[in-house]
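The block underneath contains the structure these notes are about, expressed in structure tokens.
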């Protein structure tokens, strides 16, 4: 059976959507009602407000002349004067000391399938306690979660939730992973680090879903405690990064190479936006980079764009465009190429590069079948890269 | 169209024409204000720094100005001793300074007459203050209090006057008493009350304060006279960063792409009637936070209906002070406020000091 001719039946498709709670449709903002009890001790989700901001000493910065500081968290390296904040809006200079305003203040928390992140090679079919604090160091015009990612911490609702409490909630809900996601975890790296450390003590893995716009030192530190990382590779041109994301591409590519160096399990997601980053030549170059620098076994997900935030004048990505990206990446030698936001697409499933048989059958975010055994294909015994247990 | 509507349209047309006349129709480069051979070079990205003392006297209808267009007026009122160290402003001197500046800016003999000319009784007037730096480097509540009093005398009901900034905390920190209800003048922080969908305004998009979008029909911008480490200066135009939810996204490239375009957004441009700069104390370096070392008793107030002209004058005042205390110019520090010229190019006002009538009152 080839990936191209295997689609689910209608009934199977609907059942899978129901099983996954139509998770693709769930907003990333807010709080899962199912988790309300777990966070009761922390109080209800309330507007953080100006008075609710709690300053925690930041890491990864240095003092500059006068009362200025230089943030060392991301390649932007904001030089921040007293009373000002960095571009992320969540790190503030207070009298020459740099603080983070989002440590232990998540504004969103859900129990998602790990496939929603998406991680397809990390404990398939398991729930992941997913949370976010406010802020981002990019400004993507298509941001899906802009209400929290492009907000300052005082503009969102949040609760006080220390890292140990996050780990405890994950344990209570039988989630083997904690995912720092929805916004940009890089800008709340202190909280990510402490969550991951607390999670480790509780026997949990912590996942980071990031744009990869991070400096070497904090990345190195995070890699000592994280379990896996997913990088949003926004495009493969500096122009797109600059004009559409208010960022740069080169540091993201450096991050991908560093993650490989650190031995961190990494998956890549590319949101294909019609006319802006869907050129087959660009996809080819990107795939060659991944193949050459990271290896053919790095999973790459091409997902459909839907109009959002400040990019409302473009249509949703046509499915044939996703098909073409998938084919281009495969032609470049990548072995685990996925289609995202196309429920029922055969490329949602994992196929063995050795014998071309289906290993994990996915529809939407639901895993209908997982045949991987001991990290290998049960048919040809080929080792399948990932975190399976 | 009803009689009342037609009257309103006529009023609006008159207002626009008057603004055009007062503001000057031509927008010319700031560079020309300082002359070709101005000292300081163009280290800040192409905008020459002002020469020492340039334009310190009223430029009048100086060379280059079109004879058919009146130059915009920036009124400058100094009152020695208006603010003693560590004490509240002297009420009499403060009233004289603010009153004379506002009166001249509005082209009238008294501040009440000027405000009557600029505002209608049914306006909801937002007075945007800049309180982020706290007491000592925020508009003095006593100064703003004078404006609210004169506005009422000019026919604007107290309940239609709102002193406004980003958050209640910042307002309180600058000495304002947050007051959301009642029939009196209100003092309101936006807090988290922003629009729920972003709107584009040039280089980026933002959610604007609901108060600005839904309630206010007219604006007075009350800024301070201070240095800004990235933007060069923070006077009036930069104060509009306090109207959007994401000012942190707007500081790249010396804020040059952002400040003028934000001020040009219709929500601000079409409502702004008057800019006042509280310069009782200025700060020529170390901003935007308070830095007593670089603070000096400017003992003055600037006022203008031209938001760009007042910016040019304020910038020059800061450069003069920097020179006086031995600091490099902002241009030499590569943070000259190039965006003032951009604001002029966008038609917001006049940036050329030679075309600005600086009137000491």
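Protein chains in written order, with our numbering: chain A, 1096 to 1484; chain B, 22 to 382. Cβ atoms here follow ideal geometry from the backbone N, Cα and C, with glycine treated the same way.
Along chain C, in chain order, which residues have C-beta atoms closer than 8 Å to that of residue 1168 (chain A)?
Absence of chain C from the displayed structure is noted, the protein chains being A and B.
Closer than 8 Å, Cβ to Cβ, to anything on chain A: give me those residues from the region 180-192 of chain B, in chain order.
Contact annotation: in the region 180-192 of chain B, residues whose CB is within less than 8 Å of a CB in chain A are 188, 189, 190 and 191.
Straight-line gap, residue 94 (chain B) to residue 113 (chain B) (C-alpha atoms, nearest Å)
Counting only the Cα atoms, residue 113 (chain B) lies some 24 Å from residue 94 (chain B).
Report the three-state DSSP secondary structure of residue 1303 (chain A) (helix, strand or coil).
Note: residue 1303 (chain A) maps to strand in three-state DSSP.
Comparing C-alpha positions only, which one of B:183, B:279 and B:174 sits nearest to residue 236 (chain B)?
If you compare the alpha carbons of B:183, B:279 and B:174 with that of residue 236 (chain B), the shortest gap goes to B:183.
From residue 270 (chain B) to residue 1471 (chain A), what distance separates their C-alpha atoms?
Distance from the CA atom of residue 270 (chain B) to the CA atom of residue 1471 (chain A), rounded to whole angstroms, is 47 Å.
Alpha-carbon spacing of residue 1481 (chain A) relative to residue 240 (chain B), whole angstroms
For residue 1481 (chain A) and residue 240 (chain B), the distance between alpha carbons rounds to 59 Å.
Can you pull the chain B neighbours of residue 1529 (chain A), defined as C-beta to C-beta under 7 Å?
There is simply no residue 1529 (chain A) to check, as chain A begins at 1096 and stops at 1484 in what is shown.
Specify the secondary structure class of residue 91 (chain B) as computed by DSSP and reduced to three states.
In the structure shown, residue 91 (chain B) sits in coil (DSSP, three-state: anything other than H, G, I, E or B).
Test: residue 1243 (chain A) CB closer than 7 Å to a CB of chain B
Judged by the 7 Å Cβ criterion, residue 1243 (chain A) is not in contact with chain B.
The region 1216-1235 of chain A in contact with the region 1169-1184 of chain A per 3-pair CB rule at 8 Å:
Yes, the region 1216-1235 of chain A touches the region 1169-1184 of chain A.
Contact the region 1352-1364 of chain A vs the region 1313-1325 of chain A: 3+ CB pairs below 8 Å:
Short answer: they touch.
Residue 1247 (chain A) touches chain B at which residues, Cβ-Cβ below 8 Å?
Chain B residues near residue 1247 (chain A): 266, 267 and 269.
Per DSSP, what kind of secondary structure is residue 173 (chain B) in: helix, strand or coil?
The three-state secondary structure of residue 173 (chain B), taken from DSSP, is helix.
Considering only residues of the region 264-289 of chain B, which uninterrupted alpha helix (DSSP H) runs meet the minimum length of 4 residues and lie entirely inside it, listed in chain order?
Qualifying alpha helix (DSSP H) stretches, in chain order: 280-284.
Could one say the Cβ of residue 1279 (chain A) lies closer than 7 Å to chain B's Cβ atoms, at least one of them?
It does not; no Cβ of chain B falls within 7 Å.
Residues that residue 1180 (chain A) contacts on chain B, provided the C-beta gap is smaller than 7 Å:
Residues of chain B passing the Cβ test: 269.
For the region 304-316 of chain B, list every residue whose C-beta sits within 7 Å of some C-beta in chain A, in sequence order.
So the list reads 307, 309 and 310, given in the order they occur along the chain.
Contact set between the region 150-172 of chain B and chain A, restricted to residues whose Cβ is under 9 Å from the partner
Listed by position along the chain: 153, 154 and 155.
Would you give the residue range spanned by the alpha helix (DSSP H) that residue 1193 (chain A) belongs to?
First-last for residue 1193 (chain A): 1192-1195, but that is the beta strand (DSSP E), not the alpha helix (DSSP H).
So residue 1163 (chain A) contacts chain B; which residues on that side make the cut at Cβ distance below 8 Å?
Within chain B, the residues near residue 1163 (chain A) are 250.
Using three-state DSSP, classify residue 253 (chain B) as helix, strand or coil.
Here residue 253 (chain B) sits in strand by DSSP.
By alpha-carbon positions, which one of A:1265, A:1325, A:1323 and A:1277 ends up nearest to residue 1296 (chain A)?
The shortest Cα separation from residue 1296 (chain A) among A:1265, A:1325, A:1323 and A:1277 belongs to A:1265.
With a CB to CB cut of under 8 Å and the five nearest residues on each side skipped, what residues in its chain are close to residue 163 (chain B)?
Spatial neighbours of residue 163 (chain B) in its own chain (CB-CB distance under 8 Å, excluding positions within 5 residues in sequence) are listed in chain order as 109, 110, 112 and 115.
Residue 175 (chain B) and residue 136 (chain B) closer than 7 Å at C-beta
For residue 175 (chain B) and residue 136 (chain B), yes; Cβs fall inside 7 Å.
Between the alpha carbons of residue 366 (chain B) and residue 333 (chain B), how many angstroms are there, rounded?
So the two alpha carbons sit approximately 14 Å from each other.
Backbone secondary structure at residue 1322 (chain A) - three-state DSSP:
Of the three classes helix, strand and coil, the one that applies to residue 1322 (chain A) here is coil, per DSSP.
Roughly how many angstroms lie between the CA atoms of residue 1287 (chain A) and residue 1255 (chain A), to the nearest whole one?
Spanning the two alpha carbons is a distance of roughly 15 Å.
Check whether the Cβ atoms of residue 1238 (chain A) and residue 1384 (chain A) sit closer than 7 Å, and answer yes or no.
Contact flag unset, no.
Going by C-alpha distance, which of A:1150, A:1187 and A:1142 is nearest residue 1157 (chain A)?
When only C-alpha atoms are compared, the closest one is A:1187.
Could you name the residues of chain A that residue 282 (chain B) contacts, counting a contact when the two beta carbons are closer than 9 Å?
Taking the beta carbon of residue 282 (chain B) as reference, no residue of chain A falls within 9 Å; the closest one sits roughly 15 Å away.
Exposure label - residue 1267 (chain A); buried when at least 16 CB within 10 Å
An exposed status is given to residue 1267 (chain A), since fewer than 16 other beta-carbon atoms sit within 10 Å of its beta-carbon.
Would residue 213 (chain B) count as contacting chain A if we go by Cβ distances under 7 Å?
Interface residue, yes.
Kindly say whether residue 1228 (chain A), judged by its beta-carbon, lies nearer than 7 Å to any beta-carbon of chain B.
For residue 1228 (chain A), the answer is no, since every Cβ of chain B falls outside 7 Å of its Cβ.
What runs of the beta strand (DSSP E), each 3 residues or longer, lie entirely inside the region 1324-1400 of chain A?
Considered as a whole, the region 1324-1400 of chain A harbours 1360-1367 and 1395-1399 as its complete beta strand (DSSP E) runs of no fewer than 3 residues, in chain order.
Between which two residues does the alpha helix (DSSP H) holding residue 1288 (chain A) run?
In this chain, the alpha helix (DSSP H) harbouring residue 1288 (chain A) covers 1284-1296.
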